[in-house]
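Residues 3 to 238 (this note's numbering) make up the sequence shown, in order. C-beta: ideal position from N, C-alpha, C; glycine also. Notes for the one structure printed next.
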Amino acid sequence: MPSPARTLSLSTEEGRDEIWEIFTPPHRQWVRAMMVTNSADDVVGLDGTTNSLTQGADRALLHLLRENCDAVVVGAQTIRRETIPLPHTTPLVVLTTTGDLADHRLLIRGNDTERLIIAGTAEALEMAARTLGDIPFEPLALPTGATGSDIEAAIGSHVQGHDLLIEGGPTIWSLFSSVIDEVVVSVTPPPTDSHQGSPRWWPGGVDRWHLEALFSDDAQMLYYLQRTGVRGVPSS
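Structure (structure tokens):
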């Protein structure tokens, strides 16, 4: 039987603690993907970014998950398309195949606790050093053809932690699809069918996903917490 509905708030410390209790990974090694979409399965809005999709508590929930993971992972295309602030305390890992990040939209505040990690082949890291100019970053060398599992292990070793938040975009979600334990899907209202919360384009299908919790907010956003049994999570 599902638990009874209750009201939670991201605007108070007590509320955030309650929400984090639900989202706390059941294992130290955990890969969570988060995305915002709509009833048409779009992952960017008409402006080409997620800004025109996100509503309600979506950004506040993202901030909570960012604060409590060991690393945030995005692709180079994401930092070219969107303004991405470096988290205050959590390393931001940018995956790149070319290393050409000259047109990035990273927001760097200059705090001592900020960490930018660029992950790619040796050639890509050389290009990143040239195109990022004076922006300091930690290089993380990856072999050509590295799989999601390879990259998960490399990032975990580099940051000394294996709780990862994969923010996308679609290429990065696809790359990590074989090791993702959890998907948090923020859906812009209104839902249109029973498939909502499980994107049709998700690599490998959605048969193994189990809906752990469903949230809503005052803007009628829906937040799906879905898990698999890959690392021992109950699937029923």
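- In the DSSP assignment, ARG34 falls outside any alpha helix (DSSP H) and lies within the beta strand (DSSP E) extending over 32-39.
- For GLY122, the enclosing beta strand (DSSP E) begins and ends at 118-122.
- In the structure shown, the three-state DSSP call for PRO172 is helix.
- Inclusion of LEU12 and LEU55 in the CB contact set at 9 Å is not warranted, their separation being larger than that value.
- Counting every other CB atom within 10 Å of its CB across the protein chains shown gives PRO145 a total below 16, marking it as exposed.
- DSSP places HIS160 in the uninterrupted alpha helix (DSSP H) bounded by 150-161.
- In this structure, DSSP gives GLY77 an extended state, which the three-state scheme calls strand.
- Taking all protein chains shown into account, GLU84 has 16 or more neighbouring C-beta atoms within 10 Å of its C-beta and is therefore buried.
- Boundaries of the beta strand (DSSP E) harbouring ALA143: 140-143, taken from the DSSP string.
- The DSSP-derived three-state label of GLU23 is helix.
- In the structure shown, ARG18 falls within a helical segment according to DSSP collapsed to helix, strand and coil.
- In the three-state reduction of the DSSP assignment, GLU128 falls in the helix class, which pools H, G and I.
- Closest in C-alpha terms to VAL33, from the list PHE178, SER218 and LEU224, comes PHE178.
- The DSSP-derived three-state label of LEU63 is helix.
- In the structure shown, the three-state DSSP call for GLU69 is helix.
- When DSSP states are grouped into helix, strand and coil, ARG83 belongs to the helix group.
- Using a Cβ distance threshold of 9 Å, LEU142 and HIS160 count as a contacting pair.
- Between ALA62 and HIS106, the gap from beta carbon to beta carbon reaches 9 Å or more.
- In the structure shown, LEU213 adopts extended strand secondary structure according to DSSP, grouped into three states.
- According to the DSSP assignment, ARG229 belongs to the beta strand (DSSP E) that extends over 224-229.
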